[in-house]
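Asker:
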Amino acid sequence: MSKSNKVISARFLKLPCVNCKLNCSQQLDDRARYDIFNNFWKLGDLSKQRLFIYSCMIDIHPKYKYTNAENPRRPNKAFFLTVNDRKIRVCKTFFKNTLDITDRMIYTVKTNTNENGFVLEERRGKHGHNTKISPQLAADIKKHIDSIPRMESHYLRAQTTKEYIGGGKTIKDLYRDFSELQSLNGKDSGKYITYYKIFTTEYNISFFSPKKDQCDLCTSYENSDNSQKIIIESKYKNHLKEKELSRTEKLNDRMNADNDNKVVVYDLEAVLQCPRGDTSAFYYKSKINSYNLTMTELNNKDTKNAYDNVQCYFWTEIEAKRGAIEIGTCVWEFLKKISCEGGIEGKNVIFYSDNCCGQNKNKYIATLYLYAVQMLNINSITHKFLIRGHTQNEADSVHSLIEKEVKKNLKTGPIYTPDQYVALIKSAKKCSPPINVHEMTYNMFVDLKNLQEEWGYNYTINIDGETVNWNEIKQLKMCKGNPFTFYYKNSYEDESFKEVNVRNKRKKMKTEVDNILLKQAYTERQTLSANKKKDLNELRTKRLIPSYYDFYYNTIL
């Protein structure tokens, strides 16, 4: 794709010459031509490519030559290609078609070679007359971009430096806001392209979009050429097989669900922020983050309404964070609830979720499951992880209902406090039964890290001496009566589970299971950052947040 958005065809080896006196095709076969073509374009540098072309040309002086004394002709050129250290003369057509170049490139090499045989340096873009951005304008643009609050991505990715900003605007919108601000201050705003270049080249920023991640492997395979596809084909086919097996497994589990065999999908919704509305000032101010973990219980109805029992666990960043402790606590609250339902028979629970290791797939969640099957009326807990990039599930439909309700409400006015989100979640599902919302406070969250330290220490070596690769785990299982053993599978194809003893014989732990108690994770509410407090107070001072909500904001600021 060119800068003007024109599609440019890829380079390829063209047909050889026909009826050539030099018999080029007989001297160089297609394999030799392809090697030359491939190596030429692999150079990846215009100056090196021109130097190669020059090295393949030799001046020849025909016996008879007609020229103009005032405007003498340049010497004729003979073209050579080297194969196995042997220079083979070829015609110009064969030479051009082998390298997939034009007459213009050959002419450029001829005219840009001095009398000593040196190809002159490429001068395009080096004339020194480029438009320069004033340091003050560049500083103003960077200050404006830096003022945009960053958002948390859906996953906790310590290995990435990418930042996220609200998806309610485009770069063009940001430039318009910047221009208005500069006009008010009597300053130059420059051109849009200047703002765009600084935004895209000096920052690693993406607009946040609340959707499931695309599958990296599938995208990579689709964008690969044939030779690259061969390298990753085995991994790709296995990936697709696991995807289909996981979906079949979930369908089978759903069809077998009943009061004693629960099948539940849980998923953390995209961050809900407030204040939120059409006011442009909201976009450039830090906001309060709210979190909603949705527990969707599936039933065996083969319809679109196969899930009627939805539990949402809602909290804000003022109450707690959003890691394994918070997710695990919500799961614990849910398990306590269902263990009390129905008869005296213990429940078998199957969870489905995505593969976020920081939240769902780690030793803290595994320890919680071990604790739950020993302490509650639950016989077993199995957690099955959907395949990365293909984690579409029933919880997505619930989140879609909530987002539709939020957008409908925003048409009538802004959202100023988290309580408004709670009301919208409750009203999102129009048919009975409604969504149940459990509001979590800081004193409800339990310290799973402390629980794990008291429960066991070995989560990395199984009983066969093999290393447990948590990234590869597809299923976890815990059973009543085995308080220190969890089972896992690395593939949906595996027939049997591998076993891990979290307390092996090499190290003795004196604490008995019955003496292990859950401890509170937080003793007080979380403190907002100084910058967030400043932004929220500024919105209140300007009355962009109505005084009606002062009581709430006074309690958190």
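One point on numbering: in UniProt numbering, the residue at position 189 of the sequence shown is 189, and numbering is uninterrupted. Heads up, the beta-carbon is just placed ideally off N, CA and C, and yes, glycines get one too.
Please state if the CB of Ala-138 and the CB of Ile-198 are separated by a distance shorter than 8 Å.
Answerer: Against a cut-off of 8 Å, the Cβ pair of Ala-138 and Ile-198 comes out as a contact.
Asker: Going by alpha carbons, who is nearest to Arg-543 out of Leu-528, Ala-281, Ser-380?
Answerer: The residue with the shortest Cα to Cα distance from Arg-543 is Ala-281.
Asker: Can you tell me the Cβ-Cβ gap for His-390 and Gln-475, rounded? I've got them flagged as a contact below 8 Å.
Answerer: Not a contact, Cβ separation roughly 16 Å.
Asker: Do the region 404-421 and the region 262-281 touch if we need at least three Cβ pairs shorter than 8 Å?
Answerer: Flag = yes, the region 404-421 and the region 262-281 touch.
Asker: Compare the beta carbon distance of Ser-246 and Leu-386 with 8 Å and say whether it is the shorter of the two.
Answerer: Against a cut-off of 8 Å, the Cβ pair of Leu-386 and Ser-246 comes out as a contact.
Asker: Count the other C-beta atoms from every protein chain shown that fall within 10 angstroms of the C-beta of Pro-16, then say buried if there are 16 or more, exposed otherwise.
Answerer: Flag for Pro-16 reads buried.
Asker: Can you give me the C-alpha to C-alpha distance between Glu-163 and Ile-556, rounded to a whole angstrom?
Answerer: The straight-line gap from Cα to Cα measures roughly 26 Å.
Asker: Report the rounded CA-to-CA distance for Asn-360 versus Ser-547, giving the unit in angstroms.
Answerer: When rounded, the distance between both Cα atoms is 40 Å.
Asker: Leu-81 and Ile-36 look like a contact to me (Cβ under 8 Å); what is the Cβ gap, rounded to whole Å?
Answerer: 6 Å between Cβ atoms; contact.
Asker: I'd like the span of the beta strand (DSSP E) that includes residue 606, first residue to last.
Answerer: Since the first residue shown for the chain is 1 and the last is 557, residue 606 is missing from the structure and cannot be characterised.
Asker: Give the secondary structure of Ala-521 by DSSP, where H, G and I count as helix, E and B as strand, and everything else as coil.
Answerer: Correct three-state label for Ala-521: coil.
Asker: Taking the CB atoms as reference points, tell me whether Val-373 and Cys-479 lie closer together than 8 Å.
Answerer: The answer is yes: Cβ separation under 8 Å.
Asker: Please state the DSSP three-state secondary structure of Gln-273.
Answerer: Note: Gln-273 maps to strand in three-state DSSP.
Asker: In terms of alpha-carbon separation, which member of Asn-501, Glu-249, Ile-516 lies closest to Ile-463?
Answerer: Checking every option, the nearest Cα to that of Ile-463 belongs to Asn-501.
Asker: Can you list, in chain order, the residues of its chain whose CB lies under 6 Å from that of Asn-380, leaving out five sequence neighbours each side?
Answerer: Just to set this straight, residue 380 is Ser in the shown sequence, not Asn. Contacts found: Asn-348, Cys-479.
Asker: Take Thr-98 and list the residues in its own chain whose beta-carbon comes closer than 8 Å to its own, dropping the five residues that flank it on each side.
Answerer: Answer for Thr-98: Leu-13, Lys-14, Pro-16, Leu-28, Arg-33, Ile-36, Phe-37, Leu-81, Val-90, listed in chain order.
Asker: With a threshold of 8 Å, are at least 3 pairs of Cβ atoms found where one atom belongs to the region 316-325 and the other to the region 442-454?
Answerer: Enough Cβ pairs lie closer than 8 Å, so yes.
Asker: Excluding five sequence neighbours on each side, which residues of the same chain lie with their C-beta closer than 6 Å to the C-beta of Glu-297?
Answerer: Taken in chain order, the residues that qualify are Val-264, Asn-309.
Asker: Beta-carbon within less than 6 Å of Ser-220's beta-carbon, same chain only, minus the 5 sequence neighbours each way: which residues are those?
Answerer: Once the five neighbours on either side are set aside, Ser-220 has no close Cβ partner at all.
Asker: From Thr-532 to Asn-471, what distance separates their C-alpha atoms?
Answerer: With the sequence shown as reference, residue 532 is identified as Lys, and Thr is not the correct amino acid for it. If I take the Cα positions, the gap works out to 35 Å.
Asker: Considering just the uninterrupted stretch of the beta strand (DSSP E) at Cys-479, what are its terminal residues?
Answerer: Counting along the chain, the beta strand (DSSP E) containing Cys-479 begins and ends at 475-479.
Asker: Under three-state DSSP, which class holds Val-468?
Answerer: DSSP places Val-468 in coil when its eight states are reduced to three.
Asker: Could you please give me the residues that DSSP links to Asp-59 through a beta bridge?
Answerer: The partner list for Asp-59 (beta bridge, DSSP) reads Lys-77.
Asker: By DSSP, does residue 573 sit in helix, in strand, or in coil?
Answerer: There is simply no residue 573 to check, as the chain begins at 1 and stops at 557 in what is shown.
Asker: Determine the closest residue to Ala-10 out of Ile-101, Pro-135, Glu-249, with distance taken between C-alpha atoms.
Answerer: Taking only the C-alpha atoms, the option nearest Ala-10 is Ile-101.
Asker: Which residues does DSSP list as the beta-bridge partners of Cys-312?
Answerer: According to DSSP, Cys-312 bridges with Thr-294, Val-437.
Asker: Taking the Cβ atom as the reference point for each residue, do Gly-346 and Asn-299 lie within a distance shorter than 8 Å?
Answerer: For Gly-346 and Asn-299, no; Cβs fall outside 8 Å.
Asker: Once the 5 residues before and after Met-509 are set aside, which same chain residues still bring their CB inside 6 Å of it?
Answerer: Cβ within range, chain order: Arg-503.
Asker: Which two residues bound the contiguous alpha helix (DSSP H) that contains Ser-25?
Answerer: From DSSP, the alpha helix (DSSP H) with Ser-25 extends over 24-27.
Asker: Can you tell me the Cα-Cα spacing of Leu-156 and Cys-356, whole angstroms?
Answerer: Unreliable placement is indicated for Leu-156, whose pLDDT of 41 sits below 50; no coordinate value is reported for it.
Asker: State yes or no: is the beta carbon of Phe-37 nearer than 8 Å to at least one beta carbon in chain D?
Answerer: Among the protein chains of the structure shown there is no chain D, as only one such chain exists.
Asker: Taking 7 Å as the cut-off, is the beta-carbon of Phe-37 closer than that to any non-hydrogen atom of the ligand PLP?
Answerer: Inclusion of the ligand PLP in the displayed structure is not the case, the ligand content being empty and no account of it being possible.
Asker: Could you name the residues of the same chain whose beta carbon sits closer than 8 Å to that of Ile-516, not counting the 5 residues immediately before and after it, in chain order?
Answerer: The answer, listed in chain order, is Tyr-371, Leu-451, Glu-454, Trp-455.
Asker: Anyone know if the C-beta pair for Gln-311 and His-399 falls short of 8 Å?
Answerer: In this structure, His-399 does not lie closer than 8 Å to Gln-311 by Cβ.
Asker: Anyone know if the C-beta pair for Tyr-442 and Glu-495 falls short of 8 Å?
Answerer: Going by C-beta atoms, Tyr-442 is not nearer than 8 Å to Glu-495.
Asker: I'd like the span of the alpha helix (DSSP H) that includes Ser-339, first residue to last.
Answerer: First-last of the alpha helix (DSSP H) with Ser-339: 324-339.
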